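Notes follow the structure.
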Amino acid sequence: MSFTYQASCVERLIDSHGEVELVDVFFFNKNTSKSKSSTHFEIRAFFIYFTSEIFSKHMKNIILFDDDHRDNFLPLTYTRPMGELRMGILTTKEKWEKILGGRVSFITQEYLAEKYPIRVENDNFIINASVLPTMQMASIVKNLKENEAVLHEGELIATRMNAAQIEQLMKDEEIAELQGFELGDADMFRITCLTDLFQHNDRAIRADFELLTHNRTSESLSESNLIRGAHQIFVEKGVEVECCILNAETGPIYIGKDVKILEGTMLRGPIAFCEGTVVKMGTKIYGASTFGPFSKVGGEINNSVIFGYSNKGHDGYLGNSVIGEWCNLGADTNVSNMKNNYAEVEQWNYKAQKLLKTGLQFCGLVMGDHSKCSINTMFNTATVVGVSANIFGAGFPPKFVPSFSWGECARF
Numbered sequence: 030m031s032f033t034y035q036a037s038c039v040e041r042l043i044d045s046h047g048e049v050e051l052v053d054v055f056f057f058n059k060n061t062s063k064s065k066s067s068t069h070f071e072i073r074a075f076f077i078y079f080t081s082e083i084f085s086k087h088m089k090n091i092i093l094f095d096d097d098h099r100d101n102f103l104p105l106t107y108t109r110p111m112g113e114l115r116m117g118i119l120t121t122k123e124k125w126e127k128i129l130g131g132r133v134s135f136i137t138q139e140y141l142a143e144k145y146p147i148r149v150e151n152d153n154f155i156i157n158a159s160v161l162p163t164m165q166m167a168s169i170v171k172n173l174k175e176n177e178a179v180l181h182e183g184e185l186i187a188t189r190m191n192a193a194q195i196e197q198l199m200k201d202e203e204i205a206e207l208q209g210f211e212l213g214d215a216d217m218f219r220i221t222c223l224t225d226l227f228q229h230n231d232r233a234i235r236a237d238f239e240l241l242t243h244n245r246t247s248e249s250l251s252e253s254n255l256i257r258g259a260h261q262i263f264v265e266k267g268v269e270v271e272c273c274i275l276n277a278e279t280g281p282i283y284i285g286k287d288v289k290i291l292e293g294t295m296l297r298g299p300i301a302f303c304e305g306t307v308v309k310m311g312t313k314i315y316g317a318s319t320f321g322p323f324s325k326v327g328g329e330i331n332n333s334v335i336f337g338y339s340n341k342g343h344d345g346y347l348g349n350s351v352i353g354e355w356c357n358l359g360a361d362t363n364v365s366n367m368k369n370n371y372a373e374v375e376q377w378n379y380k381a382q383k384l385l386k387t388g389l390q391f392c393g394l395v396m397g398d399h400s401k402c403s404i405n406t407m408f409n410t411a412t413v414v415g416v417s418a419n420i421f422g423a424g425f426p427p428k429f430v431p432s433f434s435w436g437e438c439a440r441f
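Just so you know, we're using our numbering here: the sequence shown kicks off at 30 and counts up by one.
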């Protein structure tokens, strides 16, 4: 028996992350016109492969490179390229992939290259990883011709290169063919130091909220919740929220897939909860705060960013802070974010190897990946903790705790 076949009821081929969705395919008997099930896997697989090939050819190849500001983001960039920093709802990588419709790889430190390899194609968009996409910046990058480069005060922001030119770039050779032009007054959103991650998180949440929710319909919240500014609340599938207070009149609240927000939680936007986050009972959260995938949070939190997979699940205060992945803050851990004399805060800078003024009055804790602290830990204003440190004991730890430190506050 012979069949003709066609795809029907295909609403979209590209999902919200720019990837090809599995679409339902029906096969029609040429003689009877009766539909047969799409369990003809060989033809279905071919169709999916075929559409994947079509759209992959139209996806832009994007390469984010670490610039000289990379060391200003230590200890967070010890374990990731700058493009994997999370701010708002998405990482910088995810922002560029979504807004340009492409796939991102990295030019980063040699020891990170095995985990974050570069992918080079015939046509490549090279973008400074300290630059977050705005609509205007994305338009400028999209319209770059090969051999054109965008500069800001002589510093490379973005360029479009072929594979041979990237090889020259990797060898630190001069690329004579590039024609550069200054960015001028274009809208550029750029981060250059650790404190930018929480200080500009409000703008980042609002931009990502618009990017992720445009022309989409939110899931509904139950009537057990007290809600203000419902039009600025977006709820993904699988969310559990009961008997909570959500105030989005001060900024949007994004609640990602399978998030659980337990009873008595009070939220004041802008706030972003990424997939799988759990918010413990009675938690108080002020914006602008971000909680990466599968975080667990509780207590009182203000203007802080947790990258993901970390626990701050108990009472205690965390404010104006950035916490990496796989961290744990013990019960009743408290972070000071302001000096008693209201003076400008100083923070450890790895590049300068000393405390530098931040220009801020409020600055809390920065903690690198895999670091932990015991119950009742007290962190001084603007403390920086490296990677894989384990802090316990009475008293305040020093304002700088190096990576792999282990022990009591007075004896690391």
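Where a beta carbon is used, it is the ideal one built from N, C-alpha and C, also for glycine.
None of these values were measured; they are calculated from a predicted model.
Point to revise | Rounded C-alpha distance that separates residue 93 from residue 190 | key: Locating residue 93 in the sequence shown gives position 64, counting from the first residue. Locating residue 190 in the sequence shown gives position 161, counting from the first residue. Their Cα atoms are separated by approximately 13 angstroms.
Review point. From this set, 346, 159 and 225, which residue's C-alpha is nearest residue 125's C-alpha?
Key: Here residue 125 refers to the residue found at position 96 when the sequence shown is read from its first residue. Measuring from the Cα of residue 125, the nearest candidate turns out to be 159.
Review point. Using the beta-carbon count (16 or more within 10 Å), is residue 91 buried or exposed?
Key: Start at 1 with the first residue of the sequence shown, and residue 91 comes out as number 62. With 16 or more Cβ atoms within 10 Å of its Cβ, residue 91 is classed as buried.
Point to revise | Distance, residue 307 Cα to residue 341 Cα | key: Start at 1 with the first residue of the sequence shown, and residue 341 comes out as number 312. Start at 1 with the first residue of the sequence shown, and residue 307 comes out as number 278. Between residue 341 and residue 307, the C-alpha separation is close to 10 angstroms.
**Study point:** residue 411 versus 366, 311 and 251, residue with shortest Cα-Cα distance
**Key:** Position 382 of the sequence shown, counting from 1, holds the residue named residue 411. Among 366, 311 and 251, the Cα nearest to that of residue 411 is on 366.
Check your understanding: Using the beta-carbon count (16 or more within 10 Å), is residue 143 buried or exposed?
Key -> Residue numbering aside, residue 143 sits at position 114 when the sequence shown is read from its first letter. By the neighbour-count rule (16 or more Cβ atoms within 10 Å), residue 143 is not buried but exposed.
Check your understanding: Going by alpha carbons, who is nearest to residue 119 out of 336, 373 and 386?
Key -> One-based indexing of the sequence shown puts residue 119 at position 90. Out of 336, 373 and 386, 336 has the C-alpha closest to the C-alpha of residue 119.
Check your understanding: Is residue 103 buried or exposed, if buried means 16 or more other CB atoms sit within 10 Å of its CB?
Key -> As a first step, residue 103 must be located in the sequence shown, where it is residue number 74. It is buried - the Cβ of residue 103 has at least 16 other Cβ atoms within 10 Å.
**Study point:** Endpoints, alpha helix (DSSP H) assigned at residue 374
**Key:** The residue labelled residue 374 in the question sits at position 345 within the sequence shown. For residue 374, there is no enclosing alpha helix (DSSP H), as DSSP marks it with neither H nor E.
Practice item. Could you tell me whether the segment 338 to 353 touches the segment 382 to 400, where touching means 3 or more Cβ pairs closer than 8 angstroms? Key: yes
Review point. Which first and last residues belong to the alpha helix (DSSP H) in which residue 236 is found?
Key: Here residue 236 refers to the residue found at position 207 of the sequence shown. First-last of the alpha helix (DSSP H) with residue 236: 230 to 242.
Exercise for review: Could you pull out every residue in the same chain whose Cβ sits closer than 7 angstroms to the Cβ of residue 197, ignoring the five residues on either side in sequence?
Suggested key: The residue labelled residue 197 in the question sits at position 168 within the sequence shown. Excluding positions up to five away in sequence, the list reads 204.
Exercise for review: Out of 234, 185, 221 and 228, point me to the one whose CA is closest to residue 212's CA.
Suggested key: Looking up residue 212 in the sequence shown gives position 183. For the options 234, 185, 221 and 228, the alpha carbon positioned closest to that of residue 212 is the one of 185.
Check your understanding: Should residue 297 be flagged as near chain C, meaning a C-beta pair shorter than 7 angstroms?
Key -> No chain C is present in this structure, which holds just one protein chain.
Review point. Are the segment 275 to 282 and the segment 297 to 306 touching, with three or more C-beta to C-beta distances below 8 angstroms?
Key: yes
Check your understanding: Can you tell me whether residue 346 is buried or exposed, with buried defined as 16 or more other CB within 10 angstroms of its CB?
Key -> The count along the sequence shown starts at 1 and reaches residue 346 at position 317. It is buried - the Cβ of residue 346 has at least 16 other Cβ atoms within 10 Å.
Practice item. Note down, in chain order, each residue of its chain lying with its Cβ closer than 6 angstroms to the Cβ of residue 288, except the 5 sequence neighbours on either side. Key: Numbered from its first residue, the sequence shown carries residue 288 at position 259. These residues qualify, in order along the chain: 268, 302 and 306.
Exercise for review: Pick out the complete alpha helix (DSSP H) segments inside the segment 113 to 142, 4 residues or longer, and give them in chain order.
Suggested key: DSSP runs (the alpha helix (DSSP H)) wholly in the segment 113 to 142: 121 to 129.
Review point. From which residue to which residue does the alpha helix (DSSP H) around residue 165 run?
Key: The sequence position of residue 165 within the sequence shown is 136, counting from 1. Element bounds for residue 165: 164 to 171.
Practice item. Locate the alpha helix (DSSP H) running through residue 295, then write down its first and last residues. Key: Locating residue 295 in the sequence shown gives position 266, where the first residue counts as 1. Here residue 295 belongs to no alpha helix (DSSP H); instead the beta strand (DSSP E) covers 295 to 297.
Practice item. Assuming residue 88 contacts residue 148 (C-beta within less than 8 angstroms), just tell me the rounded distance between them. Key: Walking along the sequence shown from the start, residue 88 turns up at place 59. Walking along the sequence shown from the start, residue 148 turns up at place 119. Not really, about 11 angstroms apart at Cβ, beyond 8 angstroms.
Exercise for review: Express the C-alpha separation of residue 262 and residue 105 in angstroms, rounding to a whole number.
Suggested key: Here residue 105 refers to the residue found at position 76 when the sequence shown is read from its first residue. Here residue 262 refers to the residue found at position 233 when the sequence shown is read from its first residue. Taken atom to atom, the span from the alpha-carbon of residue 105 to that of residue 262 is near 30 angstroms.
Review point. So residue 199 is in the alpha helix (DSSP H); what residue range does that whole segment cover?
Key: Taking the first residue of the sequence shown as 1, we reach residue 199 at position 170. Start and end: 192 to 199.
Exercise for review: Give the range of the beta strand (DSSP E) segment to which residue 437 is assigned.
Suggested key: Residue mapping note: residue 437 aligns to position 408 of the sequence shown, counting from 1. Taken as a continuous stretch (DSSP letters only), the beta strand (DSSP E) holding residue 437 covers 435 to 437.
Check your understanding: Does the beta-carbon of residue 436 have 16 or more other beta-carbons within 10 angstroms, so that it is buried, or is it exposed?
Key -> Taking the sequence shown and counting its residues from 1, the one referred to as residue 436 is at position 407. Classification of residue 436: exposed, given that the 10 Å Cβ count is below 16.
Check your understanding: Whose C-alpha, out of 339, 169 and 202, is nearest the C-alpha of residue 489?
Key -> It is not possible to answer for residue 489, since the shown part of the chain is limited to 30 through 441.
Review point. Ends of the beta strand (DSSP E) at residue 89?
Key: Taking the first residue of the sequence shown as 1, we reach residue 89 at position 60. Start and end: 89 to 94.
Review point. Measuring CB to CB, does residue 247 end up less than 7 angstroms from residue 270?
Key: On the sequence shown, position 218 is the one that residue 247 refers to. On the sequence shown, position 241 is the one that residue 270 refers to. For residue 247 and residue 270, no; Cβs fall outside 7 angstroms.
Review point. Do residue 334 and residue 226 have their C-beta atoms within less than 7 angstroms of each other?
Key: Translated into the one-based positions of the sequence shown, residue 334 becomes position 305. Translated into the one-based positions of the sequence shown, residue 226 becomes position 197. Closer than 7 angstroms, so yes.
Practice item. Give a yes or no on whether the C-beta atoms belonging to residue 26 and residue 117 are separated by under 7 angstroms. Key: Lying outside 30 to 441, the shown extent of the chain, residue 26 is not represented and no answer is given.
**Study point:** Backbone secondary structure at residue 107 - three-state DSSP
**Key:** Here residue 107 refers to the residue found at position 78 when the sequence shown is read from its first residue. Of the three classes helix, strand and coil, the one that applies to residue 107 here is helix, per DSSP.
Review point. Straight-line CA distance for residue 253 to residue 425?
Key: Here residue 253 refers to the residue found at position 224 when the sequence shown is read from its first residue. Here residue 425 refers to the residue found at position 396 when the sequence shown is read from its first residue. When rounded, the distance between both Cα atoms is 42 angstroms.
Exercise for review: Could you check if residue 199 is buried or exposed, using at least 16 other CB atoms within 10 Å of its CB as the buried criterion?
Suggested key: The residue given as residue 199 occupies position 170 in the sequence shown. Residue 199 comes out exposed.
Check your understanding: If you check the beta carbons only, do residue 172 and residue 208 fall under 7 angstroms apart?
Key -> By one-based count along the sequence shown, residue 172 stands at place 143. By one-based count along the sequence shown, residue 208 stands at place 179. No. Outside cutoff.
Check your understanding: residue 10 and residue 418 look like a contact to me (Cβ under 8 angstroms); what is the Cβ gap, rounded to whole Å?
Key -> This structure cannot settle anything about residue 10, because the visible part of the chain is limited to 30 through 441.
Practice item. Using the Cα positions of residue 290 and residue 223, report the straight-line distance between them to the nearest angstrom. Key: Walking along the sequence shown from the start, residue 290 turns up at place 261. Walking along the sequence shown from the start, residue 223 turns up at place 194. Whole-angstrom Cα-Cα distance: 28 angstroms.
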